[in-house]
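Student: In the numbering used here, the protein residues as written are 15 to 164.
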């Protein structure tokens, strides 16, 4: 069974005409976020824009939000979320905005109401550092960046 977590959400004035984020299937991990735009937004070639979601949320302490580009969108258009996943801290109360970069040679238009990204709510673990003189050995040791094959 999947854990359910109540999260407070506010539709901002420019987001009232759009649906709340929703899971599209029973097995979906992310809820779709829409572009809460009044008119189409052009993302210039090699340009970056902030796309408003029209919502603000109160994520409970011990959780975070992760904003990811929808795979269907990424498979059709040369768009990325440059800091993917974008992190929403539990103490943030502003509008969720989706940072989108167009890595293609042509401008891309985002329509009002377009399902542009996914919001994933995930538990958080905080680290307590234990400084030591050396780390315990492993078979991999310090091998990285293709060490296990490409």
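No residue lacks a Cβ here, since even glycine has one placed at the ideal position from N, Cα and C.
Note that the coordinates shown come from a computational prediction; the quantities given were computed from them, not determined experimentally.
1. Compute the distance between the beta-carbons of residue 116 and residue 60, then report whether it is under 9 Å.
2. Span of the alpha helix (DSSP H) holding residue 88?
3. Between 74, 147 and 24, which has its C-alpha nearest residue 105's C-alpha?
4. Beta strand (DSSP E) containing residue 152: first to last residue?
5. In this structure, does DSSP put residue 100 in helix, strand or coil?
6. Starting from residue 15, trace the beta strand (DSSP E) in both directions and tell me its first and last residue.
Tutor: From the atom records:
1. One-based indexing of the chain shown puts residue 116 at position 102. One-based indexing of the chain shown puts residue 60 at position 46. Going by C-beta atoms, residue 116 is nearer than 9 Å to residue 60.
2. Along the chain shown, one-based indexing puts residue 88 at 74. Note, residue 88: alpha helix (DSSP H), 85-90.
3. The residue given as residue 105 occupies position 91 in the chain shown. It is 74.
4. Here residue 152 refers to the residue found at position 138 of the chain shown. From DSSP, residue 152 is part of no beta strand (DSSP E); its letter is neither H nor E.
5. Residue 100 sits at position 86 when you count from the first residue of the chain shown. The answer is strand: DSSP assigns residue 100 an E or B state.
6. Against the chain shown, residue 15 aligns to sequence position 1. Element bounds for residue 15: n/a, residue is neither H nor E.
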